[in-house]
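Read through the structure below, which is laid out as structure tokens, and then see the notes.
Protein chains: 2
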Amino acid sequence: MIKKSKKHIIIEEAARLFREKGYSATTMRDLAAQVGMEAASLYNHIKSKEEILNEICFSLARTYSSKMQEVYYSDYTPISKIKKLIALHIQINSMSSPLATVMNDEWKHLTEPCKTEFLDMRKKYEYQFIDIIQQGIDKGEIKNMNPRIALYTLLSSVRWLQHWYHANQEHNVNDIKKNIMELFLSGMIENQYEWKN
Amino acid sequence: MIKKSKKHIIIEEAARLFREKGYSATTMRDLAAQVGMEAASLYNHIKSKEEILNEICFSLARTYSSKMQEVYYSDYTPISKIKKLIALHIQINSMSSPLATVMNDEWKHLTEPCKTEFLDMRKKYEYQFIDIIQQGIDKGEIKNMNPRIALYTLLSSVRWLQHWYHANQEHNVNDIKKNIMELFLSGMIENQYEWKN
DNA sequence: CCTACCGATCGGTAGG
DNA sequence: CCTACCGATCGGTAGG
Numbered sequence: 091m092i093k094k095s096k097k098h099i100i101i102e103e104a105a106r107l108f109r110e111k112g113y114s115a116t117t118m119r120d121l122a123a124q125v126g127m128e129a130a131s132l133y134n135h136i137k138s139k140e141e142i143l144n145e146i147c148f149s150l151a152r153t154y155s156s157k158m159q160e161v162y163y164s165d166y167t168p169i170s171k172i173k174k175l176i177a178l179h180i181q182i183n184s185m186s187s188p189l190a191t192v193m194n195d196e197w198k199h200l201t202e203p204c205k206t207e208f209l210d211m212r213k214k215y216e217y218q219f220i221d222i223i224q225q226g227i228d229k230g231e232i233k234n235m236n237p238r239i240a241l242y243t244l245l246s247s248v249r250w251l252q253h254w255y256h257a258n259q260e261h262n263v264n265d266i267k268k269n270i271m272e273l274f275l276s277g278m279i280e281n282q283y284e285w286k287n
Numbered sequence: 091m092i093k094k095s096k097k098h099i100i101i102e103e104a105a106r107l108f109r110e111k112g113y114s115a116t117t118m119r120d121l122a123a124q125v126g127m128e129a130a131s132l133y134n135h136i137k138s139k140e141e142i143l144n145e146i147c148f149s150l151a152r153t154y155s156s157k158m159q160e161v162y163y164s165d166y167t168p169i170s171k172i173k174k175l176i177a178l179h180i181q182i183n184s185m186s187s188p189l190a191t192v193m194n195d196e197w198k199h200l201t202e203p204c205k206t207e208f209l210d211m212r213k214k215y216e217y218q219f220i221d222i223i224q225q226g227i228d229k230g231e232i233k234n235m236n237p238r239i240a241l242y243t244l245l246s247s248v249r250w251l252q253h254w255y256h257a258n259q260e261h262n263v264n265d266i267k268k269n270i271m272e273l274f275l276s277g278m279i280e281n282q283y284e285w286k287n
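Residue numbers (our numbering), protein chains in the order written: chain A, 91 to 287; chain B, 91 to 287.
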């Protein structure tokens, strides 16, 4: 991105407002004020409020998808693939960028046919992720667990990082990554402690 | 709850709509249609749209808080306390009730002074939960990890259950509870498998 | 619980 | 990029 077009700036500021107030509660006049122009002038750069949401959701969805293709067809072991994907999610969710929050929380305001297209992309991503987990189970690297439950729990678990961007001073991303990875891969229990009842 | 007052019904239907379309995008006319009356008639039972959101958020917040007091001051070990609290979160998030989703996703539309009051309740809850984890670490039951990171990851990880209420046929709640508990307590890696690099 | 209606504000357009 | 403005719809009220 060599030069930030006005459109680009508008979308960035919109993402910030959508994260803060939600898509529906954000008005074009809010956005115009943020960018420093009148509401009517926004329409010289964007077609509609809806278009902005589309651009946000799909740009990030494409990032996830292309990274998935790269990992899925690589030669790493299933565990290594999973680690790479978790790292990707942590990275994206802990960036100060509001894009992740908006995609995760506001996609339901997409309208057809974009909504279906978006959900299809997500479904494919999840399908490939589940397949990697299943391969890990088949190879004996991963415990025999329900791969869908494991996936949803994994993806869900790193979402809180979205809301933590303001406190990134306390721990850096690598610290957090290490903690979460350890938690998922080998659990929180000390090995010598007997907990099952 | 012996008899469902009209107010109770209105709040329940509102929660369903808020979950589906979001608080801001849900209109009082949508809600009126759902309940089977005119928009103006709603105001014989509730004071404002805002009041509905308040009731939803605080009723569930009180449920969490009172359960926390019960667990926090009990004689169980830290690990057992954590298991009880995770079970509570799984239970609430996997109920078909829309209350959990609304509280989690729409609290930002609360207005002052309710918003601050709500966040204070949440802060206290988190503080007590972190304290339990820290006690587990001090006792050597739990690995030495950052308790705040562990907590947020834990609480975040069960949220996907909210969106899964429609597919509850495939696995029952106990199945899911077992899977998630195992994942958190001892991880997804087979013990004999060497993964650290 | 309804009809009738309010002031405000919404996303967006016309025309320059 | 602005002024001026649009039809629609919002949360809510008056009065019965």
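Cβ coordinates follow ideal geometry from the N, Cα and C atoms, glycine included.
The structure displayed is predicted, hence computed values, not measured ones.
Residues of chain A with CB closer than 8 angstroms to the CB of residue i, please, in chain order.
{"i": "B:W250", "result": "Y242, T243, L245, S246"}
{"i": "B:H261", "result": "N236, I239"}
Return the Cβ separation of residue i and residue j in integer angstroms, given the expectation that the two are a contact with Cβ distance under 8 angstroms.
{"i": "A:G277", "j": "B:G230", "result": "Not confirmed; about 15 angstroms, so no contact."}
{"i": "B:A115", "j": "B:A122", "result": "15 angstroms between Cβ atoms; not a contact."}
{"i": "A:L251", "j": "B:A240", "result": "That pair is no contact at about 14 angstroms."}
{"i": "B:E279", "j": "A:L175", "result": "First, the residue type needs correcting, since residue 279 of chain B is Ile and not Glu in the sequence shown. The Cβ separation is near 16 angstroms, so there is no contact."}
{"i": "A:T201", "j": "A:E141", "result": "With 8 angstroms as the limit, A:T201 and A:E141 do not qualify as a contact, their Cβ atoms being about 11 angstroms apart."}
{"i": "B:I100", "j": "B:I136", "result": "6 angstroms"}
{"i": "A:M127", "j": "A:Q218", "result": "No, A:M127 and A:Q218 are not in contact; Cβ-Cβ is about 42 angstroms, not under 8 angstroms."}
{"i": "A:I220", "j": "A:R238", "result": "6 angstroms"}
{"i": "A:L132", "j": "A:M118", "result": "6 angstroms"}
{"i": "B:Q181", "j": "B:V125", "result": "Not a contact, Cβ separation roughly 28 angstroms."}
{"i": "B:Y215", "j": "B:Y154", "result": "6 angstroms"}
{"i": "B:E196", "j": "B:L143", "result": "6 angstroms"}
For residue i, return the contacting residues in chain B, with the cut-off set at a CB-CB distance below 8 angstroms.
{"i": "A:E280", "result": "G230, E231, I232, K233"}
If you follow the alpha helix (DSSP H) that residue i is part of, which residue opens it and which one closes it?
{"i": "B:R212", "result": "204–228"}
{"i": "A:H179", "result": "168–184"}
{"i": "A:D165", "result": "Careful: A:D165 lies outside any alpha helix (DSSP H) and carries neither H nor E."}
{"i": "A:L241", "result": "237–247"}
{"i": "A:L251", "result": "Premise fails: A:L251 is in no alpha helix (DSSP H) and is neither H nor E."}
{"i": "A:N264", "result": "263–276"}
{"i": "A:K111", "result": "96–111"}
{"i": "B:T191", "result": "189–196"}
{"i": "B:S131", "result": "129–132"}
{"i": "A:L121", "result": "118–125"}
Counting only Cβ pairs nearer than 9 angstroms, list the residues of chain B close to residue i.
{"i": "A:N269", "result": "M235, N236, I239, A240, T243"}
For residue i, which residues in chain A fall below 9 angstroms Cβ to Cβ?
{"i": "B:G126", "result": "Near B:G126 there are no residues of chain A at all, since even the closest Cβ is about 25 angstroms away, more than 9 angstroms."}
{"i": "B:E272", "result": "K233, M235, G277"}
{"i": "B:H199", "result": "K111, G112, A115"}
Taking Cβ-Cβ distances shorter than 7 angstroms, what residues in chain B pair up with residue i?
{"i": "A:S114", "result": "G112, S114, A115"}
{"i": "A:I288", "result": "Residue numbering for chain A in the displayed model covers 91 to 287; residue 288 of chain A lies beyond these limits and cannot be assessed."}
Given 6 angstroms as the limit, tell me if residue i has its C-beta closer than that to any heavy atom belonging to the ligand MN.
{"i": "A:Y154", "result": "Among the components of this structure there are no ligands whatsoever, and the ligand MN is therefore not found."}
For the pair the region 236–250 of chain A and the region 153–162 of chain A, tell me if three or more CB-CB distances fall below 8 angstroms. no
What are the residues of the region 174–195 of chain B that lie near chain A, defined by any Cβ-Cβ distance shorter than 8 angstroms? D195
Contact between the region 127–147 of chain B and the region 187–204 of chain B is defined here as three or more beta-carbon pairs at a separation below 8 angstroms; is this criterion met? yes
With three or more beta-carbon pairs closer than 8 angstroms as the criterion, would you say the region 207–221 of chain A touches the region 205–213 of chain B? no
Would you call the region 260–272 of chain A and the region 261–272 of chain B in contact, with 3 or more CB pairs under 8 angstroms? no
Is the region 213–233 of chain B close to the region 167–178 of chain B, with three or more CB pairs under 8 angstroms? yes
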